[in-house]
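Data block below; observations after.
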Amino acid sequence: MTPDIPRFHLAVPVTDLEAARTFYGAVIGCPEGRSSDRWIDWNLYGHQFVTHLVDRTGAIEAHNPVDGHDVPVPHFGVLLTVDAFHQLADRLRGAGTEFVIEPYLRFAGKPGEQWTMFFRDPSGNALEVKAFADDAQVFAT
Numbered sequence: 006m007t008p009d010i011p012r013f014h015l016a017v018p019v020t021d022l023e024a025a026r027t028f029y030g031a032v033i034g035c036p037e038g039r040s041s042d043r044w045i046d047w048n049l050y051g052h053q054f055v056t057h058l059v060d061r062t063g064a065i066e067a068h069n070p071v072d073g074h075d076v077p078v079p080h081f082g083v084l085l086t087v088d089a090f091h092q093l094a095d096r097l098r099g100a101g102t103e104f105v106i107e108p109y110l111r112f113a114g115k116p117g118e119q120w121t122m123f124f125r126d127p128s129g130n131a132l133e134v135k136a137f138a139d140d141a142q143v144f145a146t
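As structure tokens, this is what we get:
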């Protein structure tokens with residue numbers, strides 16, 4: 006990890022730690038770090054991501070319309086290269102993951118053109134994965 010590149014730390018609640026281990030480790034391919042019987046640290050593309058075991062989640066079922074789709078809110082995710090995006094989409098499909106929004110090209114031909122997909126982990130946490138052909142477009146207006 007390069008010290009001058011900021012990394013985020015994110016923690017999410019999960020109701021089944023072994024299901025989280027299978028999903029984030031085997032399906033998404035995140036290397037596992039430290040763990041206990043109540044939490045697991047993951048390397049989510051260079052970011053520290055932690056799944057914490059809880060008795061139940063207080064998931065909010067809200068959506069926001071974006072480009073003709075109902076985007077789940079809240080959600081979290083990562084920005085990948087276009088190749089890594091499609092490789093992960095193939096892994097998710099191969100594992101039988103149900104997509105909230107299937108992988109597609111959003112804002113085609115407009116500022117911020119991006120590949121995007123939404124799916125949920127076994128505890129219902131919504132994830133978005135994006136890929137920009139041109140990283141200079143990440144904050145395009």
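Numbering (the numbering used here), first residue to last: 6 to 146. Glycine included, C-beta positions come from ideal geometry on N, C-alpha and C.
Check: Bridge partners - Pro50, DSSP secondary structure assignment; Outcome: First, the residue type needs correcting, since residue 50 is Tyr and not Pro in the sequence shown. Tyr50 pairs with nothing; no bridge assigned.
Check: Cβ pair count under 8 Å reaching 3, the segment 89-97 against the segment 56-75; Outcome: no
Check: Buried versus exposed call for Leu132 [16 or more other C-beta atoms within 10 Å across all chains shown]; Outcome: buried
Check: Reduced DSSP category for Arg98 - H, G, I as helix; E, B as strand; rest coil; Outcome: helix
Check: Distance between beta carbons of Val105 and Phe175, contact taken as under 8 Å; Outcome: The structure shown has nothing for residue 175, since the chain only spans 6 to 146.
Check: Pairwise C-alpha distance: Phe144 and Pro18; Outcome: 29 Å
Check: In chain order, each beta strand (DSSP E) run of at least 3 residues that lies wholly inside the segment 111-139; Outcome: 119-125 and 131-136
Check: Closest Cα partner of Ser128 within the set Glu37, Phe13, Ile45 and Phe28; Outcome: Phe28
Check: Sub-8 Å separation of Phe54 and Trp44 beta-carbons; Outcome: no
Check: Close-in-space but distant-in-sequence residues of the same chain around Pro116 (CB under 7 Å, 5 per side omitted); Outcome: Gln142, Ala145 and Thr146
Check: Terminal residues of the alpha helix (DSSP H) in which Ala67 lies; Outcome: That residue, Ala67, is in no alpha helix (DSSP H); its beta strand (DSSP E) goes Ala67 to Val71.
Check: 7 Å CB neighbourhood of Leu58 in its chain, flanking five on each side removed; Outcome: Val19, Leu22, Arg43 and Trp44
Check: N-terminal and C-terminal residue of the alpha helix (DSSP H) that Glu23 is part of; Outcome: Leu22 to Ala25
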